[in-house]
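Each remark here refers to the structure printed beneath this line.
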């Protein structure tokens, strides 16, 4: 199960998250999202746990708890939307004049 962890302190490391979640079972991966230009944490990340029951236990126990001075928001991650990064569905673009402009 992929778990979203929000409201992270900028000082929180992937190792910190790994340790917090390992108390509930096997952790497959940890990824704190960072700004691609500055390399600074964006304040959220994801933890992958293969066993759903262990993951759910971690969510229940770690949500609204404190880590490095911040209250964590922990829940099951939602799948990325298919339209992410798309053009927004504005149809086929421009076109001819519709009238209504100034007339001199």
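In the numbering used here, the protein residues as written are 314 to 417.
Each residue gets a CB set at the ideal place from its N, CA and C atoms; glycine is no exception.
All of these numbers come straight from a predicted model, not from anything done at the bench.
Per-residue burial, residue i [other beta carbons within 10 Å of its own, 16 or more giving buried]
| i | result |
| --- | --- |
| residue 372 | buried |
| residue 325 | buried |
| residue 345 | buried |
| residue 410 | For residue 410, the pLDDT reaches just 49, beneath the cut-off of 50, and the residue's location in the model is therefore unreliable, although a value from the coordinates is still provided. Per the 10 Å Cβ criterion, exposed. |
Sequence-distant residues of the same chain with beta carbon closer than 8 angstroms to residue i, five excluded per side
| i | result |
| --- | --- |
| residue 316 | 334, 359, 360, 361, 362, 368, 371, 372, 387, 388, 389 and 390 |
Bridge partner(s) assigned by DSSP for residue i
| i | result |
| --- | --- |
| residue 352 | Residue 352 pairs with nothing; no bridge assigned. |
| residue 383 | 380 |
| residue 347 | 354 |
| residue 336 | In DSSP, residue 336 forms no bridge with anything. |
Residues near residue i in its chain [Cβ-Cβ closer than 6 angstroms; skip 5 each side]
| i | result |
| --- | --- |
| residue 319 | 357 and 386 |
| residue 341 | 361 and 363 |
Same chain, Cβ closer than 7 angstroms to residue i, neighbours up to 5 away in sequence not counted
| i | result |
| --- | --- |
| residue 353 | 323 and 347 |
| residue 355 | 346, 347 and 348 |
Whole-Å CB distance - residue i paired with residue j, under 8 angstroms assumed
| i | j | result |
| --- | --- | --- |
| residue 364 | residue 338 | 5 angstroms |
| residue 429 | residue 380 | This structure cannot settle anything about residue 429, because the visible part of the chain is limited to 314 through 417. |
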